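In what follows, a single structure is set out as structure tokens and then discussed.
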Amino acid sequence: MIPAKRLKLTDLRPGEKARLVFMTPGVELRLFGFGLFPGTEIQVLQRFPSYIIRCERTEIALGTSVAGQVEVEKAG
Amino acid sequence: MLSFQISERQAARKVILVGNPNVGKSAVFSRLTSRYVTISNYPGTTVDLFRGRTSIQGREYEFVDTPGIQALHAQSEDERVTNDVLKREQPDLILQVADGKNLRRTLLLTAQLSKLKRPLVLALNMKDECDDRGIQIDTGALSERIGVPVVQTTAITGEGFEDVIRHLDSRDFCSLNGHPPSEWVDEILRSVRFEDEEDEARAKTKVNVLSGAVILGALIHLENYLGAWLGLPTLYSLLTGLLPAAGEGLAASAREAFALVGAFLLPVLLPFLLALRSDTRFNDRFGVWSRKFLTGIPILIVALSVVYQMVGNLGAQILVDILENGLFGGYITPALRAVVPAGLVSDFFLGEYGAISVGLTYGVAIVLPVVATFFVAFSFLEDSGYLPRLAVLSDRLFRLMGLNGKAFLPMILGLGCVTMATMTTRILNSKKERLIATVLLALGVPCSAQLGVILGIITGISPLATAIVFGTVFLQLFAVGLVFSRLIPGKRSEFVLEIPPIRYPQWGNIAKKTWLRVKWFLKEALPLFVLGTVILFLLDRLSLLGYLIAGVRPIVTGLLELPSNTATVFFLGFLRRDYGAAGLFDMARNGLLTTQQIVVSLTVMTLFVPCIANFFIVIREQGLRNALLVTAFISTYAIAVGAVLNLALNAVGLAL
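Taken in order, these protein sequences are the chains called V and Z. Just so we're aligned, residue 837 is where the first sequence starts under the working numbering, counting upward by one. Just so we're aligned, residue -13 is where the second sequence starts under the working numbering, counting upward by one.
Below is the structure:
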């Protein structure tokens, strides 16, 4: 099996699913509150004008600078 | 022993409602206490604590509604309120209200709450939406797993509340430990939640037909402007032609209202409401359209235009006409004139600065219809879930001003009432952001009443004049935000915001909210209107008004080149900005102002100092020093901008 690729959230296209791997300490606490932890599966819904990701049935908007501080692993 | 029992019987059991933002805590609270607190469909509606005592089946309870929190470590001022009350008040029960659609986040908060070592009950709210989306939760299994009662509720219908009440005396502690690794959450979720994947194709045609109707309606709405501009026939001109040309007065107003509602409002609103009501798939799809840039901007334009037609035309033109010329001008004032003999008493009530002829008339006949129509439109936007999507669209713009998209909420609330909105700045995460938002609100965000009156004045003039006024104000907001974001120390916080689903609003809730706000207006604003008029009357009688006006003449007539009695209007503007605007409305209608003077005075009035009520709120939220600094800055700045604008208009010599 090919090891999963580690990317920035900003590298994902709309519709792509991924698993959160790491977020910088600056945004970590904010994201934890929304249920976004390393290991959580998310889907990117939109990139402009703000990032929108979906986690379970909830849509969460992220500013571009937040999205740039999140690393993900593409599923599969 | 005996005394212990008595004291326990007398003390109300304290239940604190806690939960993530926008899960329906206030709706649950209202249902349990029969006390209404404002409910909306955006996170951060509740920024303060609400308490309600009630007796259920012979037992006394005290319920506390709290602002939504993401976690037990506070990020913003409103979250801090909740954290403090939880730690300070040692509740007998924590009632965690949660969105059943998002169990993961719910359980993470439950795990944190369990650290407080208080009995806990978990209410999974919005069962209706779970059912709609095919989400089933095994509450029994979940309850067993976490060790506390779990119930499913729908706060707006009351479903499941007998279960909540049954567990209000629960003494069970949650067995989750405080650490939130995502493994145990995943494990629990797998065993208690079942979901049927949506069948996308199902009912797709129905959605398409309805979506088509909504788009068509929006196009008809826009064609009314475009057609009029290009000289093509429009639905509006067609409808106006249908009714016999009535002369002046009420018949003309009725005709205008008919054409307005038929051409501008019904074509968009009717299919839109039908679609929202009949199919959650349309709601979800509309939710996506309205947060994407390419579709979101056209939707925003249509939405703004519908609100403008409702408030600026239906409210500020037609209803004002009916009330002012029909009711007050036609009946009340003449009837009173006939009864009250001429003299001091008559002057006091009915004269140039009469408490009734000016104070009450401005308040009830000019401002009330405007605020009432605005409150209806605004409550609708709030409850539909549209507003957070505008935060998504505007985040990049706000970033330039040292804020983030979250600041959109207080800003647009400011269009309802700047004073209320200033309190809402608590949802912002940093001190710096709160100060900038407060300044911008006080500087250039006109409240609904003022906005409506401004629209009322300006609809009568040219589109160019409208563009200049709003363009100048917007530019100033932007410029001041830009400069302040660099001057004020501190950091802009990151933009993270939950986007709630689009919902068909509850009309009962809209009616309640509108009524509460109208009542608030009547109670808070109307006395100030009358008081302001009485002060003016006294100043006039004591011949002090002349001195006052002479005192500010260099500024008003010299710098701004406005008629000298505009000074009185600005004075009224400090009591209530809408009152001042109503004064301008009156002057403009009587032909006392040239178009350029209207543009300059409206701009200055919009930017001018906040009203007294707002000034006090700014003191409360920011401290006296900041409040004085803000006010001093704004007054100087408003006059400077007005003077520059006037010079510029003089220099260009534009035909407005």
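We put the CB at the ideal spot given by N, CA and C, even for glycine. These numbers come from a predicted model, not from an experiment.
Residues of the region 454 to 487 of chain Z that bring their beta carbon within less than 7 Å of a beta carbon in chain V comprise Glu480, Phe481, Val482, Leu483, Glu484 and Ile485, in sequence order. Sixteen is the threshold: when 16 or more other Cβ atoms of the shown chains lie within 10 Å of the Cβ of Tyr887 of chain V, as they do, the residue is buried. Taking a cut-off of 8 Å on C-beta distances, the region 96 to 114 of chain Z touches the region 72 to 87 of chain Z, as three or more cross pairs fall below it. Within chain Z, Phe279, Val378, Leu379, Asp381 and Arg382 have C-beta atoms less than 7 Å from the C-beta of Pro885 of chain V, given in sequence order. In this structure, Z:Val4 is the residue among Z:Leu546, Z:Asn495, Z:Pro396 and Z:Val4 with its C-alpha nearest to the C-alpha of Leu58 of chain Z.
Segment contact: the region 389 to 396 of chain Z against the region 332 to 346 of chain Z, fewer than three CB-CB distances shorter than 8 Å; contact not assigned. Proximity of the region 357 to 368 of chain Z to the region 422 to 442 of chain Z meets the contact definition, three or more beta-carbon pairs being nearer than 8 Å.
Look at Gly851 of chain V here: in three-state DSSP terms it is coil, with no helix or strand label. In this structure, Thr452 of chain Z lies away from Gln608 of chain Z, with their beta-carbon atoms at least 8 Å apart. Under the Cβ criterion of 8 Å, Leu848 of chain V is not counted among the residues facing chain Z.
With respect to chain Z, the C-beta atom of Gly899 of chain V has a partner C-beta closer than 8 Å. Gly569 of chain Z is outside the set of residues whose beta carbon lies under 8 Å from a beta carbon in chain V. Neighbours of Gln61 of chain Z across chain V, judged by C-beta separation under 8 Å: Leu865, Arg866 and Gly869. Between Leu843 of chain V and Val908 of chain V a beta carbon distance of about 6 Å is seen, short of the 8 Å cut, so the two are scored as contacting.
At a Cβ-Cβ threshold of 8 Å, Gly146 of chain Z and Cys116 of chain Z do not count as neighbours.
Using a 10 angstroms sphere on the CB of Pro320 of chain Z, the tally of other CB atoms stays under 16, which defines it as exposed. Burial state of Arg503 of chain Z is buried, judged by a 10 Å Cβ sphere holding 16 or more other Cβ atoms.
Taking 8 Å as the threshold, the shortest C-beta distance from Ile889 of chain V to chain Z does not fall below it. Using a C-beta cut-off of 8 Å, the region 120 to 134 of chain Z makes no contact with the region 900 to 907 of chain V, since fewer than three inter-stretch Cβ pairs fall below that distance. In the three-state scheme derived from DSSP, where H, G and I count as helix and E and B as strand, Tyr28 of chain Z is classed as coil. Using a Cβ-Cβ cut-off of 8 Å, Ala407 of chain Z does not count as an interface residue toward chain V, since no Cβ of chain V sits closer than that to its own. Of the residues Z:Ile121, Z:Gln76, Z:Ala127 and Z:Asp114, the one whose Cα lies closest to the Cα of Lys103 of chain Z is Z:Gln76. The three-state secondary structure of Ile485 of chain Z, taken from DSSP, is strand.
Residues of chain V whose Cβ lies closer than 8 Å to the Cβ of Arg90 of chain Z are, in chain order, Gly871, Thr876, Cys891 and Glu892. Residues of the region 46 to 58 of chain Z that bring their beta carbon within less than 9 Å of a beta carbon in chain V comprise Ile55, Gln56 and Ala57, in sequence order. By the criterion of at least three beta-carbon pairs nearer than 8 Å, the region 624 to 636 of chain Z is in contact with the region 541 to 561 of chain Z.
Ranked by how close their Cα comes to the Cα of Ser264 of chain Z, the residues Z:Ser156, Z:Ser332, Z:Ile488 and Z:Val466 have Z:Ile488 in first place. Taking 8 Å as the threshold, the shortest C-beta distance from Val902 of chain V to chain Z falls below it. Ranked by how close their Cα comes to the Cα of Phe868 of chain V, the residues Z:Thr220, Z:Pro29, Z:Ile496 and Z:Asn6 have Z:Asn6 in first place. Straight-line measurement puts the Cα of Leu376 of chain Z at about 38 Å from the Cα of Asn311 of chain Z. Bounds of the beta strand (DSSP E) holding Arg179 of chain Z are Arg179 to Glu181. Among the residues facing chain V, Leu94 of chain Z is included, as its CB has a counterpart in that chain under 8 Å away.
Within chain Z, no C-beta atom comes nearer than 7 Å to that of Gln879 of chain V; the closest sits roughly 13 Å away. Restricting attention to Z:Arg21, Z:Thr622, Z:Leu512 and Z:Met112, the CA atom closest to the CA of Val137 of chain Z is found in Z:Met112. Boundaries of the beta strand (DSSP E) around Arg37 of chain Z: Phe36 to Ile42.
Listed along chain V, no residue sits closer than 8 Å to Lys73 of chain Z by beta-carbon distance, the nearest being about 18 Å off.
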